[in-house]
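Below is one structure; the comments refer to it alone.
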Ligand code: NAD
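In the numbering used here, the protein residues as written are -10 to 475.
Dropping the structure here:
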């Protein structure tokens, strides 16, 4: 391993921390059931901590079987009335939620950063605006469902159980709740154990929007809560975003039951750079593809495939760009790479990086001063990676890119598709025909050309193979929440 010194910057940045004095966080949050925050049946509260400092932020109730049952009963009771509302009235509630997210954007962004460790720049400019955009988008669909599933009469599924991970807590909640509500379902959302706070602020927003009681429940908890929720009698659908291992467990738990399922799982996405690409732009796209949100991105471009003729140039430019990444306090507006979400995730990253070194790949990590407390991992690049190395096969879910090379278009396609997952891919070329040829040969749900990690509520997102099934976003995102009547 070589640790290269940070090159001298042309100027130093002054600290630019975002204020936190405007936050109105409570010390304790109950479970949001039937429109109110309630005590959990077994009085269990767990702290949620700031991964950048390991300081506790608030205590959060974790739901058990009895609480889940109460939430399902409230959701069942509310669903027929919610579905029977004129669609435009349903839309108004969803629209109000979107507006309230915008009004409370600063508070939501700072809370997301405190609870999850992601740079404020991202929560402020990506997570929160996109969450509002999803609610706006699906508010618009509520009275046009027939056009979403063309020329068919459709009906809601009923009560949906939704489980989200910790990497985009509010955004994933929006991806799940907005289409479900637009289609006339009621929903029970379980946020991830390390990042429940913005979902609980969303519960407050549901109250402010005067959403009828029981339409949305928010039940924080860990895997045991999630496992109990998907097995609860009285639910009609499960929508899950998370790891492939848990997705498998849920699929087997639902086998033989009449419960609809969509799974958005992990990935090992390829970012492919051809020799005719605009290399400087491609380097920016590689950085955005793997270091955005510390690499905690299901569609992260963690396998960088570079055409051999430009590999040396791309690696040199990428390394020079990596040396300028600012790692540290996520609340600082100049930070590019924040804290790893949890001690457990840090351990997983460290284990896979160690495996990369042991298997013979060449590691380079940027030298940077990391804070004493909290969970941190320096941006890292592996070269001399073989397609069979664990770092080329397994999802690292951290700021680690593995560089592989190829010679021909056919080899790039074969190497990209040589994966059990198929969530996303990036293609960097200035030849439109080549981009179309490659895109149509790739088994990946989302393919970006000359950009990466570009999200929009109007575009469908979802996977192939072990990356899951079902789509979220755009009209395709309505279908998993509807039953075709005729
Ligand atoms: P995880 O599967 O451990 O947890 C995800 C959620 O499931 C959490 O809320 C967790 O509490 C819950 N859970 C855990 N065990 C459960 C069980 N047995 N039954 C029901 N629920 C259970 O995943 P994670 O580590 O939180 O998230 C990282 C993973 O999520 C990565 O693999 C990533 O690729 C994937 N992800 C996928 C997408 C996508 O859209 N495809 C988006 C974001 C993250």
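For glycine and all other residues, C-beta sits at the position ideal for the given N, C-alpha and C.
Note that this is a predicted model, so its numbers are computed, not measured.
Asked, Found
"Burial state of residue 7, where buried means 16 or more other Cβ atoms lie within 10 Å", "buried"
"Cβ separation of residue 280 and residue 325, assumed to be a contact under 8 Å, to the nearest whole Å", "7 Å"
"Residue 154 CB to nearest heavy atom of the ligand NAD below 7 Å", "yes"
"Where residue 324 falls: helix, strand or coil (DSSP)", "coil"
"Where residue 369 falls, given that 16 or more other Cβ within 10 Å makes a residue buried", "buried"
"Residues of its chain near residue 117, where Cβ-Cβ distance is below 6 Å and the 5 sequence neighbours each way are ignored", "94, 97, 98"
"Boundaries of the alpha helix (DSSP H) in which residue 240 is found, first to last residue", "233 to 243"
"N- and C-terminal bounds of the beta strand (DSSP E) containing residue 229", "226 to 230"
"Length-filtered (4 minimum) alpha helix (DSSP H) runs lying within the segment 73 to 124", "76 to 92, 94 to 105"
"Proximity winner among 437, 396, 398, relative to residue 531 (alpha-carbon distances)", "Absent from the model: residue 531. The displayed extent of the chain is -10 to 475, so no value can be given."
"Contact check, residue 441 vs residue 274, beta carbons under 8 Å", "yes"
"Beta-carbon gap between residue 253 and residue 230 smaller than 8 Å", "yes"
"Spatial distance of residue 477 from residue 134 (CA atoms)", "As shown, the chain starts at -10 and ends at 475. That puts residue 477 outside it, with no answer to give."
"Cβ contact check for the segment 178 to 189 and the segment 6 to 24: 3 or more pairs under 8 Å", "yes"
"For residue 260, the three-state DSSP class (helix, strand or coil)", "strand"
"Whole beta strand (DSSP E) elements within the segment 139 to 214, 3-residue minimum", "143 to 145, 148 to 152, 175 to 179, 205 to 207"
"Residue 108 versus residue 474: straight-line alpha-carbon distance, rounded", "45 Å"
"Every unbroken alpha helix (DSSP H) inside the segment 316 to 400 [4 residues or more]", "332 to 347, 379 to 382"
"beta-carbon residue 186 near the ligand NAD non-hydrogen atom, thresh 7 Å", "no"
"Residue 228 and residue 214 closer than 8 Å at C-beta", "no"
"Cβ-based neighbour list, residue 196, same chain, cut-off 7 Å, excluding 5 preceding and 5 following", "24"
"Rounded Cβ spacing between residue 471 and residue 176 (contact assumed at less than 8 Å)", "Actually they do not touch by this definition, with Cβ atoms about 14 Å apart."
"Identified DSSP bridge partners for residue 292", "259, 391"
"Limits of the beta strand (DSSP E) - the one that residue 253 falls within", "249 to 253"
"Close beta carbons around residue 198, own chain, < 7 Å, minus the five adjacent residues each side", "82, 85, 86, 89"
"Alpha carbon of residue 382 to alpha carbon of residue 71, nearest angstrom", "45 Å"
"DSSP state of residue 284 mapped onto helix, strand, coil", "helix"
"Contact the segment 112 to 130 vs the segment 35 to 50: 3+ CB pairs below 8 Å", "no"
"At least three beta-carbon pairs within less than 8 Å, the segment 25 to 34 to the segment 43 to 58", "yes"
"Presumed contact (8 Å Cβ cut-off) between residue 242 and residue 419, rounded CB distance", "So it is not a contact: roughly 48 Å between Cβ atoms."
"Close beta carbons around residue 223, own chain, < 6 Å, minus the five adjacent residues each side", "61, 65"
"Secondary structure of residue 432, DSSP reduced to three states", "coil"
"Residue 386: CB within 7 Å of a non-hydrogen atom of the ligand NAD", "yes"
"Under 8 Å between C-beta atoms of residue 346 and residue 352", "yes"
"C-beta atoms of residue 415 and residue 284 nearer than 8 Å", "no"
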